[in-house]
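Since the structure comes first, as structure tokens, the remarks are kept for the end.
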Amino acid sequence: MKDTNTTDPIERRKQQIARQQGSKTALLGILIGQAMILLGGILIARSIFGFLEQDMANSNEPPLAIFGMVAGLPFIIFGLFVHFGSSRRFTGKLLSSPGIGPGAVLFMGLAIGAWWGALSLPAMGSLWLIPSILSIIAGLLLLTGILMRMRRSAKYVLLTRMIKEGKIVAAVITDIPEIEPNSSGLIGTITVKFTDMNGVDRWVQKTGQWKRQDLPKTGDMATVLYDSKQPENVSRIWVGPPGSATIKDFTLWYS
1 MKDTNTTDPI
11 ERRKQQIARQ
21 QGSKTALLGI
31 LIGQAMILLG
41 GILIARSIFG
51 FLEQDMANSN
61 EPPLAIFGMV
71 AGLPFIIFGL
81 FVHFGSSRRF
91 TGKLLSSPGI
101 GPGAVLFMGL
111 AIGAWWGALS
121 LPAMGSLWLI
131 PSILSIIAGL
141 LLLTGILMRM
151 RRSAKYVLLT
161 RMIKEGKIVA
171 AVITDIPEIE
181 PNSSGLIGTI
191 TVKFTDMNGV
201 DRWVQKTGQW
211 KRQDLPKTGD
221 MATVLYDSKQ
231 PENVSRIWVG
241 PPGSATIKDF
251 TLWYS
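For the sequence shown, UniProt numbering begins at 1 and goes up steadily by one.
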């Protein structure tokens, strides 16, 4: 057997995770997951209208409706697993979806399937409301995603400026939730204490996400970047692991 005990397995795992971030393979996985979610949504919605079509025409069970009902849900579930797993590898975050989120993709699929089914009915009647409502929900989710990304982009611009103009100081974690032994990580609130350049002790709470191996504990050290002109402005404060000095460092704990 080849001897591999000269390499730190934890460090090797970190290097492997770092190589996966932004990789084409992870991006392909995200696209495949989204395609499966979209297809599953289309099949589920179309199958419902397929059974309605059967009742209206008094025909035998429509094969498309049966197939859509049987295949649609597994497509959605497996697609979500593929999407979240690939997104985690692509971003390095516990829970982060680059591009269009899975919720918007799912409702886009449901809307497409519903319109397909509604237009196939011999008499649509008031059933046109179903695809219309699903389309509105899909549009709202897309708009919400766009607004969130615009806000995140604005925060990134501010962080870029604060790296140059702000103050970086050591801090101590005064509170962070503990996780269960079988948990893969934490999405929660961290509380840190730091002292500004005027000698004033300040506390700040931030919501972040950590994988199990990266999760700090209460009492551990951290680093704070703040606006020295407005140290009380929480929106201009970032928290990162000890030794943080770059934009990447101060975004490690955020989605």
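Every residue gets a Cβ at the ideal spot worked out from N, C-alpha and C, and that includes glycine.
The residue among 100, 126, 169 and 163 with its C-alpha nearest the C-alpha of residue 140 is 100. Take the alpha-carbon of residue 49 and the one of residue 212: they are about 44 Å apart. At the C-beta level, residue 97 and residue 29 stay beyond 8 Å of one another. Counting C-beta atoms within 10 angstroms of its own C-beta, residue 181 has fewer than 16 neighbours from the protein chains shown and is therefore classed as exposed.
C-alpha of residue 143 to C-alpha of residue 254: approximately 22 Å in a straight line. Collapsing the DSSP output to three states places residue 144 in a helix.
The beta-carbon distance between residue 217 and residue 203, rounded to whole angstroms, is 17 Å. This is too long to meet the 8 Å contact definition. In the three-state reduction of the DSSP assignment, residue 222 falls in the strand class.
The three-state reading of DSSP puts residue 115 in helix, counting H, G and I together. CA-CA distance, residue 81 to residue 25, rounds to 16 Å.
Between the alpha carbons of residue 146 and residue 112 lies a distance of about 21 Å. Between residue 228 and residue 167, the C-beta gap is smaller than 8 Å, which places the two residues in contact.
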